[in-house]
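All residue numbers for the sequence shown refer to our numbering, where the first residue is 207 and numbers rise by one. A short worksheet on the structure shown next.
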Amino acid sequence: MSRTSNKYLQRLPMGMGMVMIFFFYFIEITYEQRPPPYIPVENIIIDCGSSGEHIAKDKRSWNGDIDSKFFPLEGQNKASAPLKAVERTIALDPVPYETARLSLSEFTYTVPVTPGPKFVRLYFFSATYRDFNRSKAFFEVRIDKYTLLKNFSASLTADALNIDGIEKEYILTVEKSPMKITFTPTSSQAGGAFAFINGIEIVSMPSALYYSNGRGLAIVGQEGRFFTLTNNTAMETMYRINIGGNTLSPIDDTGMFRQWNTEEEYLVSEGLSVLPVAHNTTTPLKFRDNISSYAAPDSVYKTGRSTGNKPNKTLLRSYNLTWEFSVDSKFRYMLRLHFCEINKEFTEVGDRVFYIYIADDRVEKKFDIINFAHGQYVPYYKDYLWFGNNSDQKKVKLSVALQANPDDYRTTFVDAILNGLEIFKLNDDSSNLAGLNPDPTNRTAIARPSTDAEKGKSSLITIIGVVLGVAAAIVMLSVLGFFIIRRGKKVKDAASTSEKTSWWGPISFSTTRSSKTRTSSSLPSDLCRYFSLAEIKAATNNFEDIFIIGVGGFGNVYKGYVDNGTVPVAIKRLKPESSQGFNEFKTEIEMLTHLRHRHLVSLIGYCNDEREMILVYDYMAQGTLRSHLYNTENLPLGWRQRLEICIGAARGLHYLHTGSKYTIIHRDVKTTNILLDEKWVAKVSDFGLSKTGPTSMSKAHITTVVKGSIGYLDPEYYKRQQLTEKSDVYSFGVVLFEVLCGRPPIVRTAEKRQVSLAEWARCCYQKGTLHQIIDPHLTGRIAPECLKKYGDIAVSCMLDNGTERPSMNDVVWGLEFAMQLQKNAEDNDSVGGALIKMKGEDEVALINSNSNSDWAYNNCSSEDGTESKSSGVSKLLNISSEEDSTTKESMKGLSGTVFSEINDPKGR
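What follows is the structure, encoded as structure tokens:
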């Protein structure tokens, strides 16, 4: 019996120890050395568009499809043609990238295979084939019921990745022979599309290599739950990485011809020098069975990357060794992590125990390779399932991170290691694996060599272009000078005659402006960039519906690209038939051109051509906060992430209230007006209803018509029409409960006392039952102390008397304190367990202490649904028919037609 096993058994009861002695003995005697490579039943490789046999650089033999049984010349296949690429880069192997099968109509390969799981690899070279323009290749690829690619553009993919040869690898189970691989040009493409393929490879694999075979995939973010991967699931290989090692070609694999790439472009750790580690003894690797021996080559398990057992243990414990990968949104992913204890110093269970994180969720807190693998130098892998981000952006980041264990008693050495990593995309419910094409780039398209005549013609065109350009420049300078003089005069006149200007100075607008001569130069310090309508149309492909990412009362929101397609932006366009919104349009520009803060959305520019009113913002990749809370297909946010977002939004509002010359009151704070960028940083948006606060010390409010959104509107402001920054605080309190409870602020179908979230949450807070109405996804994940502090803050924000509400600075401080309470609970192992286990009397007792708080709320509905005291919120929801005309007029601002509101956000 090994020393490792003995140390492990010392921690077990005597009876269990005897059982485990036999177990370890059995395990150890079944170890074997590396068996021969797997010999696939099918190893079919087709060089499309060629005939005969061709040997690739790796010595593998490819067979052409001309006169091949795999490509019968019948039906629509007759319309296809074998073609040779006009040009080919030196780096690409001629086999299979020199020739292709191409067609303007559908064509199909028919490949006899045995039932079972297969690798299917497709090879594409985006080039010009005869007179077929590479940019016209848009097509779909299907195998039986699975859609592998849809509207796929090889040119966009190659340009975005800066590569020439594209290899797509899929894993699927064949139920019956033959396998049919069908290529179909996209019919909706203007000007006609074509489909092509350069190479096809089909290789069988052991049936239990990737499918569950009794093993469950641990679900990320759902501790203790597992997912069974059945043969009905198809997968696309997104990444296969040899951590800490070199690229391994297909012939270096274990018989299935997989390629293993290096990690350099995915390793994002900073601040600590980490070096690859390698197998430093002559001891060979040991394998428990054939499946584990086929999982990866020895070279993968003999190299890895480690945090490094350095003297500075404090730094090591706070540092994450992290890799980041770009993946398609709206899909599930299987991750396979490969491990092998190759350091000769680590021989015992407990020598190296560490944390593993996937997508910022901790999936392992006591990961010990020797314990799991049952020995040193024994390869081991573990599979996880990540349900994805499901955002409206094309790509999202998927991270894998290791952290040294912070508890000295759990690990002998402060260190962590990973040897290999595979990431697979799983098909959705419609058997689809196809993601979206990448955005266009500025990479020059592959062009065929120019003839002498074309070169001469090009020179002539260049000369003419230069002459015309000089002439145009002279004309433009003259016109520009005229408008500068004219504009200077207008600004001077406006400054002397205007009765109402902004505190930062006058900005001239006209609702009938149609000039197209204003330039779109870089954003100046005092004004924002002006876009011509032509620029906006180019950015949105003439407002094509496919670019719509949000719909609101003001109009549509589009995702567009400016500056030659290099900068993504969000573009708001007023409905052409609408006669409303100009004041909001003007206000938003005036506000945002002079406000810059990390937690405020940035306005890039605007367009006011031909009666069009358009605003251009920074693109917020994760969309609105509401789109991640309820009534959405997006995955639920974790509690700490929700807290971080709330803190960011509160900081943005605090800046509005105190960071400018005068207080700015947002007046429409809600979860659809809190946007999230690609890194989930919260940014307050939509300033169409904003107002500057009182300008004199003698006045604490401004009197204005009531505008806002039902459910968030401050009852005190509604009743008195007196607006203060504390109205924003009230609305933010509703947002806090919306984030906690995962429900809308108004649910008209609920029973009376639960219609208003504000009233219902405050009632539950008073009774000490707030924990019973939180979002079910958060159950057991919020530290009781954190929940108590969070509830205190939210309820204080919604006190009836605005003067008693905290400032946004106090709210920021309170939320940061709640975050610290949550972190302390999670970092403490015993308390962390209590997050899941704490139920019933203990939790209620803690929450009930709220009743002693200075912020306790006493206006609570009774059990029968009648109100003991009205807070004013119910009155907003039950406006009687006896309202006078003034009240009805004031309520117009509550409609969904204001510019700042997006009723059905899809992300930006």
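Virtual Cβ for every residue (Gly too), placed ideally from N, Cα, C.
Note down, in chain order, each residue of its chain lying with its Cβ closer than 6 Å to the Cβ of Gly-761, except the 5 sequence neighbours on either side.
Spatial neighbours of Gly-761 in its own chain (CB-CB distance under 6 Å, excluding positions within 5 residues in sequence) are listed in chain order as Arg-779, Leu-780 and Lys-781.
What would DSSP say about Val-911, mapped onto helix, strand or coil?
Looking at Val-911 - three-state DSSP - the assignment turns out to be coil, as it is neither helix nor strand.
Bridge partners of Thr-528, per DSSP?
By DSSP's assignment, Thr-528 forms a beta bridge with Ala-607.
If I measure Cβ to Cβ from Asp-299 and keep anything under 7 Å in the same chain, skipping five residues before and after, which residues do I get?
Around Asp-299, the same chain offers Ala-262 and Lys-263 as residues with beta carbons nearer than 7 Å, after the five sequence neighbours per side are excluded.
Can you find at least 3 beta carbon pairs, one from the region 285-295 and one from the region 333-351, that sit closer than 8 Å?
Yes: the two stretches touch, three or more of their Cβ pairs being nearer than 8 Å.
Just the C-alpha distance for Ser-866 and Asn-1015, rounded to the nearest angstrom, thanks.
The straight-line gap from Cα to Cα measures roughly 15 Å.
What's the call for Asn-789, buried or exposed, on a 16-neighbour Cβ count within 10 Å?
Exposed, since its Cβ has fewer than 16 Cβ neighbours within 10 Å.
Exposed or buried, what is Gly-281 when buried is set at 16 or more other beta-carbons lying within 10 Å of its beta-carbon?
So Gly-281 ends up on the exposed side.
Cα-Cα, which of Pro-951, Lys-275, Asp-253 and Ser-896 is closest to Lys-386?
When only C-alpha atoms are compared, the closest one is Lys-275.
Where does Asn-422 land, buried or exposed, given buried means 16+ other C-beta within 10 angstroms?
Residue 422 is actually Gly in this sequence, not Asn. Under the 10 Å beta carbon count, Gly-422 is surrounded by fewer than 16 other beta carbons and is classified as exposed.
Find the nearest neighbour of Asn-496 within the set Leu-608, Phe-402, Leu-289 and Ile-245, judged by alpha-carbon distance.
Here the closest residue by C-alpha is Ile-245.
Go to Lys-631, then tell me how far its beta strand (DSSP E) extends in each direction, as first and last residue.
Residues 626-632.
Buried or exposed: Arg-209, going by 16 or more other Cβ atoms within 10 Å of its Cβ?
Any answer about Arg-209 is weak, because its pLDDT of 39 lies below 50 and its placement is not dependable; what the coordinates show is given next. Result: exposed.
Where Trp-466 sits in the DSSP three-state scheme
Three-state result, Trp-466: strand.
With distances taken between CB atoms, is the gap from Leu-354 to Ala-640 smaller than 9 Å?
Yes, the Cβ-Cβ distance between Leu-354 and Ala-640 is below 9 Å.
Helix, strand or coil, according to DSSP, for Gly-371 in the structure here?
Reduced to three states, the DSSP call for Gly-371 is strand.
Pick out whichever of Phe-463, Arg-926, His-860 and Asn-840 has its Cα sitting closest to the Cα of Leu-806.
Check the Cα spacing between Leu-806 and each of Phe-463, Arg-926, His-860 and Asn-840: the tightest is with His-860.
Asn-748, buried or exposed, once every other Cβ within 10 Å from all chains shown has been counted against 16:
Counting the other Cβ atoms within 10 Å of the Cβ of Asn-748 gives fewer than 16, which makes it exposed.
To the nearest angstrom, how far is it from the Cα of Val-247 to the Cα of Phe-345?
Each residue's Cα considered, the two are about 30 Å apart.
Quick one: using the 10 Å Cβ neighbour count with 16 as the cut-off for buried, is Ser-359 buried or exposed?
By the Cβ-count criterion, Ser-359 is buried, with 16 or more other Cβ atoms from all chains shown falling within 10 Å of its own Cβ.
Whole alpha helix (DSSP H) runs in the region 251-315 with 4 or more residues, listed along the chain?
You should have 300-303.
Bounding residues of the alpha helix (DSSP H) (the contiguous stretch that carries Ala-1024)
Counting along the chain, the alpha helix (DSSP H) containing Ala-1024 begins and ends at 1014-1033.
Using three-state DSSP, classify Arg-542 as helix, strand or coil.
Of the three classes helix, strand and coil, the one that applies to Arg-542 here is strand, per DSSP.
Can you say whether Asp-1033 is buried or exposed, counting buried as having 16 or more other CB atoms within 10 angstroms of its CB?
By the beta-carbon neighbour count (other beta carbons within 10 angstroms, threshold 16), Asp-1033 is exposed.
Given this structure, state the Cα-to-Cα distance separating Gly-948 from Asn-269, to the nearest angstrom.
Those two C-alpha atoms are separated by around 58 Å.
In the structure shown, what three-state DSSP assignment does Asn-748 receive?
Three-state result, Asn-748: coil.
Check for me: the alpha helix (DSSP H) holding Arg-968 runs from which residue to which?
963-973 is the extent of the alpha helix (DSSP H) around Arg-968.
Residue from Ile-623, Asp-824, Asn-633 and Ser-309 with nearest C-alpha to Phe-552
Proximity to Phe-552 across Ile-623, Asp-824, Asn-633 and Ser-309 peaks at Ile-623, based on C-alpha coordinates.
Among the candidates Lys-995, Ala-287 and Pro-243, whose CA atom is the shortest distance from the CA of Cys-254?
Among Lys-995, Ala-287 and Pro-243, the Cα nearest to that of Cys-254 belongs to Ala-287.
Between Glu-304, Thr-316 and Asp-613, which lies nearest to Ile-250 when the distance is taken from Cα to Cα?
Of Glu-304, Thr-316 and Asp-613, the residue nearest in Cα terms is Thr-316.
Pull up the CB-CB distance for Phe-560 and Leu-608, whole angstroms please, since I reckon it's below 8 Å.
Contact flag correct, Cβ pair sits at about 6 Å.
Distance check for Ala-1031 and Leu-543, CA to CA, integer angstroms please.
One C-alpha to the other measures close to 28 Å.
DSSP state of Arg-1118, grouped into three classes?
The displayed coordinates of the chain run from 207 to 1114. Any statement about residue 1118 would go beyond what the structure contains.
Nearest-angstrom Cβ-Cβ length linking Trp-886 and Leu-984, presumed shorter than 8 Å:
In fact, because the Cβ distance is near 17 Å, the residues do not count as touching under 8 Å.
Of the residues Thr-793, Asp-459, Thr-975 and Ala-1024, which one's Cα is nearest the Cα of Ile-999?
Measuring from the Cα of Ile-999, the nearest candidate turns out to be Ala-1024.
Relative to the alpha-carbon of Gly-829, which residue among Ala-856, Asp-566, Ile-755 and Asp-815 has its alpha-carbon at the smallest distance?
Checked all of Ala-856, Asp-566, Ile-755 and Asp-815; the closest Cα to Gly-829 is Ile-755.
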